[in-house]
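As structure tokens, the structure follows; a few thoughts come after it.
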């Protein structure tokens with residue numbers, strides 16, 4: 455049997471998973487803490503032990519997602535500004551996004567909520583920091599669009615391909631290949 459901290463961590467993860475599923479199905483506004491507790495078969499008091507509000511749950515989900523993105527951005531800042539670094543950034547970002555499909559589905563289906571919550575602006579700031587690292591110096595508009603499209607392709611691929619038959623790792627690699635091609639094209643001026 456795991457430690458008390460492990461059990462709390464597992465409960466926290468279960469709450470996040472169930473809440474995210476309900477937010478995606480019903481919408482953020484229509485989901486209550488009571489419903490989340492009922493789906494988990496726990497009391498509201500047990501849920502409150504981990505999260506006081508729905509917003510606390512969503513913020514925790516984004517913190518979990520953005521922690522590896524922050525580490526990646528910091529890593530990228532310490533690397534030489536080369537095509538190889540940019541390609542490695544894409545590879546590492548692809549791995550950081552692994553399993554984030556439900557969260558991107560939430561963002562897509564709850565755009566009004568995302569605008570209201572503080573995390574929406576923070577996530578945009580992180581995406582801008584990542585984009586800045588991918589852009590070549592004095593990027594043309596076409597190069598900017600290619601780099602932006604590379605990041606967008608990785609995000610869109612998470613939920614566009616979720617219902618497509620196939621191995622999840624094969625899908626991840628296909629999305630990464632397309633995104634990396636865009637970044638590589640942006641680095642090569644005619």
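Numbering (the numbering used here), first residue to last: 455 to 644. Where is the CB? At the ideal position from N, CA and C, for every residue including glycine. Small disclaimer: the values here were computed from a predicted structure and weren't measured.
Residue range 572-588 is occupied by the alpha helix (DSSP H) that includes residue 578.
Taken through DSSP and simplified to helix, strand or coil, residue 486 comes out as coil. When Cβ pairs closer than 8 Å are counted between the two stretches, the region 604-613 is seen to touch the region 626-636, the count reaching three or more. Contact between residue 473 and residue 490 holds, with the beta-carbon distance rounding to 5 Å and staying under 8 Å. Cβ-Cβ distances below 7 Å link residue 590 to 597, 640 and 641 in the same chain, with the five nearest sequence neighbours on each side left out; the list follows chain order.
Counting along the chain, residue 593 sits inside no alpha helix (DSSP H), nor does DSSP assign it H or E at all.
In the structure shown, residue 611 falls within a helical segment according to DSSP collapsed to helix, strand and coil. Between residue 504 and residue 466, the beta carbon gap of about 5 Å places them in contact (Cβ cut-off 8 Å).
In the three-state DSSP reduction, residue 505 falls in the coil class, being neither helix nor strand.
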